[in-house]
Amino acid sequence: MATVVVDPGHGGTERVGGSSPNNAVGLEGTRECDLTLSVGLMVSGLLANLGHDVRLTRSTDVNLGLKERADVAKRWGAEVFVSIHFNGFHDRSVQGSETLHAPDASEASRKLAQNIQAAIVSALGHRDRGVKPQTLGVLRPENHHSQTAACLVEPSFLTNADEEKRLQDERYQVKIASAVVDGITRYLTEHATQ
1 MATVVVDPGH
11 GGTERVGGSS
21 PNNAVGLEGT
31 RECDLTLSVG
41 LMVSGLLANL
51 GHDVRLTRST
61 DVNLGLKERA
71 DVAKRWGAEV
81 FVSIHFNGFH
91 DRSVQGSETL
101 HAPDASEASR
111 KLAQNIQAAI
121 VSALGHRDRG
131 VKPQTLGVLR
141 PENHHSQTAA
151 CLVEPSFLTN
161 ADEEKRLQDE
171 RYQVKIASAV
181 VDGITRYLTE
191 HATQ
């Protein structure tokens with residue numbers, strides 16, 4: 001079994017170490033930081049049920065700096081680090097799923113991102129916005145242990161009105177969490193056979 005760090009992005013009330021307390025907000029006031037915590041806790045529970053050693057960067061409404069989030073994975077020598085977020089955009093019709101890795105990410109990080117992206121797109125059926133390199137402090141390889149595969153998943157756009165309603169349903173959140181876990185499981189299975 002693997003050590004997996006789940007990072008529910010954002011949180012708290014103040015900007016800390018490059019991390020904003022919240023980014024996206026739906027028309028009805030649903031906050032990204034609340035959704036990421038809820039889905040992150042679900043992901044953690046599902047992974048623990050599979051026998052993995054799971055660590056959360058946060059389990060309450062607090063904010064941690066970007067390097068501090070990565071440090072959790074470094075400290076535990078985690079095989080996997082997944083940061084969970086929800087996208088936002090001024091055009092509320094935009095929808096889709098995407099997963100990000102660092103531009104200079106390891107092959108393991110790229111494969112983790114590909115597996116999670118495939119699982120999310122399959123489960124939710126949103127437009128596949130792809131796996132993309134992006135410079136984000138929480139994903140920088142120098143902030144992680146050399147064996148850690150790290151990525152950030154944006155399952156959907158909270159700013160899409162129809163999606164916000166779906167995201168308010170706990171069953172839909174479980175669907176997202178299950179897809180993230182499926183992607184991690186596929187990655188770990190492939191990684192173990194290499």
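In the UniProt record's numbering, the protein residues as written are 1 to 194. Glycine residues also receive a C-beta, built at the ideal position from the N, C-alpha and C atoms.
With a cut-off of 8 Å on the beta carbons, I'd call residue i and residue j a contact; round off their distance for me.
{"i": "V121", "j": "S97", "result": "5 Å"}
{"i": "L100", "j": "L139", "result": "7 Å"}
{"i": "V16", "j": "A78", "result": "Incorrect: roughly 21 Å between the Cβ atoms, too far for contact."}
{"i": "V6", "j": "S38", "result": "Not really, about 12 Å apart at Cβ, beyond 8 Å."}
{"i": "N115", "j": "A70", "result": "Contact flag wrong, Cβ pair sits at about 20 Å."}
{"i": "A177", "j": "L35", "result": "Actually they are not in contact, since the Cβ atoms of A177 and L35 sit about 11 Å apart, beyond 8 Å."}
For residue i, decide whether its Cβ has a neighbour in chain B, counting only Cβ atoms nearer than 8 Å.
{"i": "C151", "result": "Looking for chain B here will not work: only one protein chain is present."}
Which residues in the same chain as residue i place their Cβ atom closer than 8 Å to its Cβ, once the five residues preceding and following it in sequence are excluded?
{"i": "P141", "result": "A102, D104, A105, S106, S109, A150"}
{"i": "L27", "result": "R92, T159, A161, E164"}
{"i": "K111", "result": "A149, Y187, E190, H191"}
{"i": "E32", "result": "G9, H10, N22, N23, A24, V25, H85, F86, G88, L158"}
{"i": "G51", "result": "M1"}
By Cβ distance, which residues of its chain are closer than 6 Å to residue i, with the 5 residues on each side in sequence left out?
{"i": "A119", "result": "A179, D182, G183"}
{"i": "A48", "result": "V54"}
{"i": "residue 195", "result": "Limits of the chain in this structure are 1 at one end and 194 at the other, which puts residue 195 out of reach."}
{"i": "E154", "result": "H85, N87, E98"}
By the DSSP assignment, the alpha helix (DSSP H) with residue i in it spans what residues?
{"i": "E14", "result": "Note, E14: premise wrong, no alpha helix (DSSP H); not H, not E."}
{"i": "G183", "result": "170 to 192"}
{"i": "E68", "result": "66 to 76"}
{"i": "E32", "result": "32 to 49"}
Between residue i and the rest of its own chain, which residues show a CB-CB distance below 7 Å, the 5 nearest in sequence each way excluded?
{"i": "G18", "result": "G65, L66, G137"}
{"i": "V72", "result": "V5, R55, T57"}
Between which two residues does the beta strand (DSSP E) containing residue i stretch?
{"i": "V54", "result": "53 to 56"}
{"i": "T60", "result": "T60 -> no beta strand (DSSP E), and no H or E assigned at all."}
{"i": "V5", "result": "3 to 8"}
Every unbroken alpha helix (DSSP H) inside the segment 80 to 124 [4 residues or more]: 107 to 124
At 3 residues or longer, what runs of the beta strand (DSSP E) sit wholly inside the segment 135 to 169? 149 to 154
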